[in-house]
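Protein chains in written order, with the numbering used here: chain A, 1 to 119; chain B, 120 to 255.
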């Protein structure tokens, strides 16, 4: 991989990863769901209440954070590889995206966390 | 075992905080600072040498945090929810999100520091370093 292609890859990856993470978090697009109490990992997004009675939800707490991270990583990897093949004249675009999108993603995450502070 | 991982996670995080704050101050310090002044000394630090250490420390800290998180979910979170510590839960959620965003920009950060850069990349390098410092 040439230096130019590597630059496109890392900048596109850095821009796509936070964006995809926020989308995955918003839309519930987890690649897998972890049930730490049972030591079980299921492909896709699942909710405990899909398997247990809602009042027994606390017995099988689910974790989506790993799945969201994996979804974002896979998506960003694909976008990064595609960006590496694109012409050099688009490098200014990735150079801007690599710091603007993470900032926007952080603001979006703050917005998504607001419900905790209203309880 | 969990306690050991948590302690190591804390130690790695402190080392990461030290490295990234040194690097951030080194690149943000005014260029005309007197050599013997506080900022002058920070500027004299070869900031690029911290980059690899910061990447390794960030990844290690993230990995250890991801392991500890499993135990947190089972042992700690139910207690926090029962006692209605919603703000603590919110801040923890936010930390998780910011850590993942930092993980995403880490390759770009590493790339910017490993090369001699032009003015545009210098700006990106500074921005990404400040962003990571804020996250840490």
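Cβ atoms here follow ideal geometry from the backbone N, Cα and C, with glycine treated the same way.
Note that the structure is a prediction, hence the values are computed from the model and not measured.
In or out: residue i buried (at least 16 other Cβ within 10 Å) or exposed?
| i | result |
| --- | --- |
| residue 90/A | exposed |
| residue 40/A | exposed |
| residue 173/B | buried |
| residue 200/B | exposed |
| residue 111/A | exposed |
| residue 162/B | buried |
| residue 64/A | buried |
| residue 116/B | Because residue 116/B is not part of the residues shown, which for chain B are 120 to 255, the question remains open. |
| residue 115/A | exposed |
| residue 254/B | buried |
| residue 18/A | buried |
| residue 36/A | buried |
| residue 196/B | buried |
| residue 119/A | exposed |
| residue 130/B | exposed |
Excluding sequence positions up to five away, which residues of its chain have a Cβ less than 8 angstroms from the Cβ of residue i?
| i | result |
| --- | --- |
| residue 249/B | 143, 147 |
| residue 153/B | 159 |
Take residue i and list the residues in its own chain whose beta-carbon comes closer than 7 angstroms to its own, dropping the five residues that flank it on each side.
| i | result |
| --- | --- |
| residue 8/A | 83, 84, 86, 91, 94 |
| residue 231/B | 240, 243, 244, 247 |
| residue 43/A | 32 |
Which residue wins for smallest C-alpha separation from residue i, given the options the options?
| i | options | result |
| --- | --- | --- |
| residue 16/A | 2/A, 116/A, 77/A, 63/A | 77/A |
| residue 212/B | 72/A, 19/A, 25/A | 25/A |
| residue 169/B | 194/B, 231/B, 138/B, 215/B | 138/B |
| residue 108/A | 21/A, 6/A, 47/A | 21/A |
| residue 27/A | 88/A, 79/A, 46/A | 46/A |
| residue 192/B | 113/A, 73/A, 60/A | 60/A |
Can you list, in chain order, the residues of its chain whose CB lies under 6 angstroms from that of residue i, leaving out five sequence neighbours each side?
| i | result |
| --- | --- |
| residue 190/B | 121 |
At 4 residues or longer, and completely inside the region 139-204 of chain B: list those alpha helix (DSSP H) runs for me, N to C. 157-163, 167-190, 196-201
Kindly confirm or deny that the region 26-44 of chain A and the region 94-105 of chain A touch, where touching means at least three C-beta pairs closer than 8 angstroms. no
Counting pairs of Cβ atoms below 8 angstroms between the region 66-76 of chain A and the region 218-232 of chain B, do you hit three or more? yes
Cβ pair count under 8 angstroms reaching 3, the region 179-198 of chain B against the region 154-161 of chain B: no
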